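*Asks:* In UniProt numbering, the protein residues as written are 1 to 303. Positions of the beta carbon are idealized from the N, C-alpha and C atoms, including for glycine. These numbers come from a predicted model, not from an experiment.
So this is what it looks like as structure tokens:
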């Protein structure tokens, strides 16, 4: 049986050319000309690959939603872009490959062939995005990495735990190797004392790279995170996190709520978390002394 390709493109001429190319390559094409109907179509048809034209309004949002929905997270995506900016954003959203316009037929067929039979969700956030130097600079300029816990920030995590009625809440700052908890409430040992984990135990890495709320009702069933060690070693069964984005536009961490059992997060809960996250990043920037405190020389000694 021919593999199914969901083709999301609005330009009728370009869509026809792409569709004919794919059909000639032996694929079955399911067309969609807008991103609003493409997501439910993907959930219903379960294609083997989704090909998205990013010049279509909402194309990037579609990529992120495909990665975050449990029933579409395993579907590989390939994006078509007309700029390096769009291409970079597509990689941030977890697409497998980006083809630059104008599309060359051999390149299109090669990209589809490479990924159509390789379903699977992201195993980790793209390392290049986490290691992006301006992002790391913005993170370190806040001056709160590897610092003692402060009551000012602990109020936020207590408030999140109370409002969302969960046992665990974190302010997680994510660099290129780990997540550091500026504040935490409810973590069990040894994590409560360590106040950090490697990225193998991090859901917040996805919140940072997606740059939007990540809501997971049942981590054990979600392809994006079900193999993450936070599930088996830290009892993370449900997660809701919002990105902390600085005034310079860099996503440096997450304010998140964690439950030890599956949790159907409501829109009101996510909205409350989003509001608190917006207040928190403003406070972090207001209190942050800038590059001087973020330098190696000013960091506290670690035994």
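Applying the 10 Å Cβ sphere with the 16-neighbour rule, what's the burial state of residue 117?
*Replies:* Numbered from 1 along the chain shown, position 117 holds the residue referred to as residue 117. Exposed, because fewer than 16 other Cβ atoms sit within 10 Å of the Cβ of residue 117.
*Asks:* I believe residue 174 touches residue 145 by the beta-carbon criterion, under 8 Å. Please report the beta-carbon distance rounded to the nearest angstrom.
*Replies:* Counted from its first residue, the chain shown places residue 174 at position 174. Counted from its first residue, the chain shown places residue 145 at position 145. Incorrect: roughly 10 Å between the Cβ atoms, too far for contact.
*Asks:* Just how far apart, CA to CA, sit residue 109 and residue 33?
*Replies:* In the chain shown, counting from the first residue as 1, residue 109 sits at position 109. In the chain shown, counting from the first residue as 1, residue 33 sits at position 33. Cα-Cα distance, rounded: 21 Å.
*Asks:* Between the Cα of residue 259 and those of 185, 247, 4 and 154, spot the shortest distance and give me the residue it belongs to.
*Replies:* Working through the chain shown from its first residue, we reach residue 259 at position 259. Answer by Cα proximity: 185.
*Asks:* Between the Cα of residue 83 and the Cα atoms of 11, 99, 126 and 37, which residue gives the shortest distance?
*Replies:* Taking the first residue of the chain shown as 1, we reach residue 83 at position 83. Comparing Cα-Cα distances from residue 83 to each of 11, 99, 126 and 37, the minimum goes to 99.
*Asks:* By Cβ distance, which residues of its chain are closer than 6 Å to residue 8, with the 5 residues on each side in sequence left out?
*Replies:* Taking the first residue of the chain shown as 1, we reach residue 8 at position 8. 32, 38 and 52, listed in sequence order.
*Asks:* By the three-class DSSP mapping on this structure, what secondary structure does residue 288 have?
*Replies:* As a working mapping, residue 288 is identified with position 288 in the chain shown. Note: residue 288 maps to coil in three-state DSSP.
*Asks:* Measure the alpha-carbon distance for residue 193 versus residue 61 and round it to whole angstroms.
*Replies:* Start at 1 with the first residue of the chain shown, and residue 193 comes out as number 193. Start at 1 with the first residue of the chain shown, and residue 61 comes out as number 61. In a straight line, the C-alpha of residue 193 is about 37 Å away from that of residue 61.
*Asks:* Ignore the nearest five residues each way along the sequence and tell me which others in residue 10's own chain have a CB closer than 6 Å to its CB.
*Replies:* Position 10 of the chain shown holds residue 10. Within the same chain, residue 10 has close Cβ partners 33 and 56.
*Asks:* Taking 6 Å as the cut-off, is the beta-carbon of residue 166 closer than that to any non-hydrogen atom of the ligand ATP?
*Replies:* The ligand ATP is not part of this structure, which contains no ligands at all.
*Asks:* Using CA atoms only, rank isn't needed, just tell me which of 3, 279, 288 and 36 is closest to residue 160.
*Replies:* Numbered from its first residue, the chain shown carries residue 160 at position 160. When only C-alpha atoms are compared, the closest one is 279.
*Asks:* Between residue 242 and the rest of its own chain, which residues show a CB-CB distance below 6 Å, the 5 nearest in sequence each way excluded?
*Replies:* By one-based count along the chain shown, residue 242 stands at place 242. Closer than 6 Å at the Cβ level, and outside the excluded window around residue 242, lie 213, 255, 273, 274 and 277.
*Asks:* Report yes if the CB atom of residue 135 is closer than 7 Å to the CB atom of residue 285, and no otherwise.
*Replies:* Indexing the chain shown from 1 puts residue 135 at position 135. Indexing the chain shown from 1 puts residue 285 at position 285. Not a contact, by the Cβ cut-off of 7 Å.
*Asks:* According to DSSP, is residue 40 part of a helix, a strand, or is it coil?
*Replies:* What you label residue 40 is simply residue 40 of the chain shown in a count that begins at 1. Reduced to three states, the DSSP call for residue 40 is helix.
*Asks:* Which residue marks the beginning of the alpha helix (DSSP H) containing residue 203, and which one marks its end?
*Replies:* Here residue 203 corresponds to residue number 203 of the chain shown, with the count starting at 1. Neither: residue 203 is in no alpha helix (DSSP H) and is coded neither H nor E.
*Asks:* Would you report the Cα separation of residue 170 and residue 158, rounded to the nearest angstrom?
*Replies:* Your numbering for residue 170 matches position 170 in the chain shown. Your numbering for residue 158 matches position 158 in the chain shown. Going from the Cα of residue 170 to the Cα of residue 158 covers about 9 Å.
*Asks:* Closest to residue 30 by C-alpha separation, out of 49, 188 and 36, would be which residue?
*Replies:* Along the chain shown, one-based indexing puts residue 30 at 30. Checked all of 49, 188 and 36; the closest Cα to residue 30 is 49.
*Asks:* Taking only three categories from DSSP, how would you classify residue 208?
*Replies:* Position 208 of the chain shown, counted from the first residue, corresponds to residue 208. In the structure shown, residue 208 sits in a helix (DSSP, three-state: H, G or I).
*Asks:* Does DSSP classify residue 69 as helix, strand or coil?
*Replies:* For this step, residue 69 is matched to residue 69 along the chain shown. In this structure, residue 69 counts as coil in the three-state DSSP scheme.
*Asks:* Would you kindly work out how many angstroms separate the C-alpha atoms of residue 244 and residue 96, rounded to a whole number?
*Replies:* Stepping through the chain shown from its first residue, residue 244 is reached at position 244. Stepping through the chain shown from its first residue, residue 96 is reached at position 96. So the alpha carbons of these two residues sit roughly 26 Å apart.
*Asks:* Could I get the ranges of all uninterrupted alpha helix (DSSP H) runs contained in the region 81-147, with 4 residues as the minimum, in chain order?
*Replies:* 84-92, 105-116, 127-130 and 133-141
*Asks:* Give me the residue from 262, 119, 240 and 71 with the minimum Cα distance to residue 208.
*Replies:* Here residue 208 refers to the residue found at position 208 of the chain shown. The shortest Cα separation from residue 208 among 262, 119, 240 and 71 belongs to 240.
*Asks:* Helix, strand or coil, according to DSSP, for residue 171 in the structure here?
*Replies:* The residue labelled residue 171 in the question sits at position 171 within the chain shown. Strand, per DSSP.
*Asks:* Mapping the DSSP letters down to three states, classify residue 27 as helix, strand or coil.
*Replies:* Taking the chain shown and counting its residues from 1, one reaches residue 27 at position 27. Coil, per DSSP.
*Asks:* For residue 196, which residues of its own chain have a beta-carbon under 7 Å away from its beta-carbon, when the five flanking residues on both sides are left out?
*Replies:* Along the chain shown, one-based indexing puts residue 196 at 196. These residues qualify, in order along the chain: 178, 179, 180 and 181.
*Asks:* Once the 5 residues before and after residue 246 are set aside, which same chain residues still bring their CB inside 7 Å of it?
*Replies:* Position 246 of the chain shown holds residue 246. Within the same chain, residue 246 has close Cβ partners 138, 252, 281 and 285.
*Asks:* Taking a contact to mean a Cβ-Cβ separation below 7 Å, would you say residue 47 touches residue 101 in this structure?
*Replies:* By 1-based counting over the chain shown, the position of residue 47 is 47. By 1-based counting over the chain shown, the position of residue 101 is 101. With respect to residue 101, residue 47 sits apart: the two C-beta atoms are not nearer than 7 Å.
*Asks:* What does the alpha-carbon distance come out to for the pair residue 152 and residue 270?
*Replies:* Here residue 152 refers to the residue found at position 152 of the chain shown. Here residue 270 refers to the residue found at position 270 of the chain shown. Approximately 22 Å, taken between the alpha carbons.
*Asks:* If you draw a straight line from the C-alpha of residue 287 to the C-alpha of residue 142, how long is it?
*Replies:* Translated into positions along the chain shown, residue 287 becomes position 287. Translated into positions along the chain shown, residue 142 becomes position 142. About 8 Å.
*Asks:* Give a yes or no on whether the C-beta atoms belonging to residue 217 and residue 262 are separated by under 7 Å.
*Replies:* Within the chain shown, numbered from 1, the residue matching residue 217 stands at position 217. Within the chain shown, numbered from 1, the residue matching residue 262 stands at position 262. Contact flag set, yes.
*Asks:* CA-CA distance, residue 17 and residue 59?
*Replies:* On the chain shown, residue 17 is found 17 positions in, with the first residue counted as 1. On the chain shown, residue 59 is found 59 positions in, with the first residue counted as 1. Computed Cα separation, rounded: 19 Å.
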